[in-house]
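Per the numbering used here, residue -2 is the first one in the sequence shown, and the count goes up by one each step.
From the three backbone atoms N, C-alpha and C, an ideal C-beta is built for every residue, glycine too.
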Amino acid sequence: MTRRRSLLAGSGGLLMLAAAPGTAEAATTTIAQNEAQGAARASAITQGTSLVHADLHNHTLMSDGDGDPARAFESMRAAGLDVAALTDHTTLFAIEGLSSSEWNRTGQLADAANVPGVYTALRGFEWSHPLLGHVNVWYTGSFTDLGGSSSMNRLYDWLGRTGGIGGFNHPGREILRFNNFAYNAALREQMVGLEMFNRGDDYLFDGWSSGQTSPLTACLNAGWRTGLTGVTDEHGTEWGYPEGKGRTGVWAVENTRNGVLAALRDRRFFATRVSGLRLDATASGVRMGGSLPFAKGDVRFVVDLDRGPEWAGKPLNIQVLRPGTAAPAVADVIETQAGRITEFTVPLDAEDGSWVVLRVSDPTQANASPGPSGHPCNDWGVAYSSPWWLTA
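Written out as structure tokens, the structure reads:
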């Protein structure tokens, strides 16, 4: 039996519009202010960290994007982001991908834009294989392309030697899906992310209609312990501004490169595609991204969900996702509202699978990429927590 109750929590921040609705100026202003002022940055249920809004996947003219890389970091900061990365493609012998000089330039631009404690600018790259898939890599001093890393295992070997971190991009778009997420135990701690929102897409059921399993299920069931991210994957010139594209909320001790790295390694982040959202959650006192030190029992979830005054009282659902086969199983659906702390208890058993994820959804809108008929996640995804793992 599931027990639940909701408690009203104060909404933080203030949303203001400074331009006429429907104008480009209004769109720009709305997004920047949502990001900076949508919800307060302090969690209502945990202490010691602050929320920083991040976009970890962006492109420029240095690969297949349209924009001048010299403008990208400034644009993302002006849009209200606190953490931003440039991740141009590496392909084969720099054909439509980064050259060594462009890699160095990316680092120079990131260093010039980086303001410790205020704005974290990161250099990264997107390893790009047309069949296996694309992987973002951050926190390395060099890059690799298909000439040096032509397979998943060779990429993992390279990443293991360099000590950086990586994430699976738009999972399921490429036909081989990272060798169907074949697990490499040596890279478990370094592969930190799985994109659930990319551009305007929710990847929960990607490929399901053609007989593939959910990327979330395939990745986590394979043994990977990735957190869940959202990204814009911007290829135009509006870095940071388009509303409705993915972004990542990171709970960091400090907004510095080291602080963001520590949060990413701890999977202390969530995926969303709305600006200004705050999501924090604990399971039996353990924050998202952590391990629950038991194999079976009742788990008490506490969820802080807010987007400021504009969403106060907005009806939302929290879906408790568990391992399935073709698609995640849903252990429970809890009705709640934005601006509330929601508490509920769900019995979990590691024999049913080792992980659990919370999906926040808007029940009034449909999922543009639905899964099985009648599945509770066929509504519009708002956010995903990073997983928890049950460990005996």
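Beta-carbon proximity of N55 to T84, cut-off 9 Å: Along the sequence shown, one-based indexing puts residue 55 at 58. Along the sequence shown, one-based indexing puts residue 84 at 87. Cβ distance < 9 Å, so N55 and T84 count as in contact.
Going by DSSP, name the residue or residues bridged to S47. What you label residue 47 is simply residue 50 of the sequence shown in a count that begins at 1. According to DSSP, S47 bridges with A39 and A249.
Find the nearest neighbour of L38 within the set N195, N252 and A67, judged by alpha-carbon distance. The residue given as residue 38 occupies position 41 in the sequence shown. Contrary to the premise, residue 38 reads as Arg rather than Leu in this sequence. Ranking N195, N252 and A67 by Cα distance to R38 puts N252 first.
Indicate whether L313 and E332 have their beta-carbon atoms separated by less than 9 Å. By one-based count along the sequence shown, residue 313 stands at place 316. By one-based count along the sequence shown, residue 332 stands at place 335. Closer than 9 Å, so yes.
Suppose contacts are defined by Cβ-Cβ distances below 9 Å. Is T361 in contact with D376 by that definition? Within the sequence shown, residue 361 is the residue found at index 364, counting from 1. Within the sequence shown, residue 376 is the residue found at index 379, counting from 1. It is a contact, given that the beta carbons lie within the stated cut-off.
Counting pairs of beta carbons, one from the segment 40 to 57 and one from the segment 322 to 336, are three or more of them closer than 8 Å? Counting Cβ pairs under 8 Å, fewer than three are found: no touch.
Are N300 and I42 touching if we call contact CB-CB under 9 Å? Here residue 300 refers to the residue found at position 303 when the sequence shown is read from its first residue. Here residue 42 refers to the residue found at position 45 when the sequence shown is read from its first residue. For clarity, residue 300 is Val in the given sequence; the question names Asn instead. Taking 9 Å as the Cβ cut-off, V300 and I42 qualify as a contacting pair.
Counting only runs of 4+ residues fully inside the segment 244 to 308, write out the alpha helix (DSSP H) ranges in chain order. Complete alpha helix (DSSP H) runs here, min 4: 254 to 262.
Do A268 and L225 have their CB atoms nearer than 9 Å? The residue you call residue 268 lines up with position 271 of the sequence shown. The residue you call residue 225 lines up with position 228 of the sequence shown. Judged by their CB atoms, A268 and L225 are nearer to each other than the 9 Å cut-off.
W221 beta carbon less than 9 Å from that of G287: The residue labelled residue 287 in the question sits at position 290 within the sequence shown. The residue labelled residue 221 in the question sits at position 224 within the sequence shown. Note that the C-beta distance between G287 and W221 is not below 9 Å.
Assign T159 to one of three DSSP states: helix, strand, or coil. Locating residue 159 in the sequence shown gives position 162, counting from the first residue. DSSP places T159 in helix when its eight states are reduced to three.
Residue interval of the beta strand (DSSP E) (run including S84): Along the sequence shown, one-based indexing puts residue 84 at 87. The sequence as given places Thr at residue 84; Ser does not occur at that position. From DSSP, the beta strand (DSSP E) with T84 extends over V80 to T87.
Proximal residues to P320 (C-beta, below 8 Å), its chain only, five neighbours per side dropped: Sequence index remark: in the sequence shown, residue 320 carries index 323 (1-based). Its chain contains T214, L217, N218, A326, D349, G350, S351 and W352 as the residues whose beta carbon lies nearer than 8 Å to that of P320, once the 5 sequence neighbours on both sides are disregarded; these appear in chain order.
Please go through the same chain and pick out, in chain order, the residues whose beta-carbon is closer than 7 Å to the beta-carbon of S366, but skip the five residues on each side of it. Numbered from its first residue, the sequence shown carries residue 366 at position 369. Close CB contacts of S366 within its chain, under the 7 Å cut and outside five residues either way in sequence, are with D198, D199, F202 and D203 (chain order).
Rounded to the nearest angstrom, what separates D303 and Y136 at their Cα positions? Against the sequence shown, residue 303 aligns to sequence position 306. Against the sequence shown, residue 136 aligns to sequence position 139. Taken atom to atom, the span from the alpha-carbon of D303 to that of Y136 is near 31 Å.
Go ahead and pull the three-state DSSP assignment for N218. In the sequence shown, the residue the question calls residue 218 occupies position 221. Assigned with DSSP and collapsed to three states, N218 falls in helix.
Please tell me whether L156 and Q187 are closer than 9 Å, where the distance is taken between their beta carbons. For the purposes of this step, residue 156 is identified with residue 159 of the sequence shown, where counting begins at 1. For the purposes of this step, residue 187 is identified with residue 190 of the sequence shown, where counting begins at 1. L156 places its beta carbon less than 9 Å from that of Q187.
Three or more C-beta pairs under 8 Å: does that hold for the segment 268 to 286 against the segment 223 to 240? By the Cβ rule, the segment 268 to 286 counts as touching the segment 223 to 240, because three or more pairs are nearer than 8 Å.
For a quick check, are the C-beta atoms of F178 and P127 less than 9 Å apart? Locating residue 178 in the sequence shown gives position 181, counting from the first residue. Locating residue 127 in the sequence shown gives position 130, counting from the first residue. With contacts defined as CB atoms closer than 9 Å, F178 and P127 fail to qualify as a contacting pair.
Within 10 angstroms of the Cβ of T27, are there 16 or more other Cβ atoms? Answer buried if so, exposed if not. Taking the sequence shown and counting its residues from 1, one reaches residue 27 at position 30. Low confidence applies to T27: its pLDDT is 42, below 50, so where it sits in the model is not reliable, and the reading given next is rough at best. The residue is buried, with at least 16 neighbouring Cβ atoms inside 10 Å.
Which word fits S125, buried or exposed, when buried means at least 16 other C-beta atoms lie within 10 angstroms of its C-beta? Here residue 125 corresponds to residue number 128 of the sequence shown, with the count starting at 1. With 16 or more other Cβ atoms within 10 Å, it is buried.
By the 10 Å Cβ neighbour count, where 16 or more other Cβ atoms means buried, how is R158 classified, buried or exposed? Counted from its first residue, the sequence shown places residue 158 at position 161. When all chains shown are included, R158 counts as exposed.
Beta strand (DSSP E) containing A110: first to last residue? As a position in the sequence shown, residue 110 is number 113, starting the count at 1. Looking at the DSSP string, A110 is not in any beta strand (DSSP E); the run it does join, the alpha helix (DSSP H), is S97 to A110.
How would you call E93, buried or exposed, if buried means at least 16 neighbouring beta carbons within 10 angstroms? Residue numbering aside, residue 93 sits at position 96 when the sequence shown is read from its first letter. With fewer than 16 other Cβ atoms within 10 Å, it is exposed.
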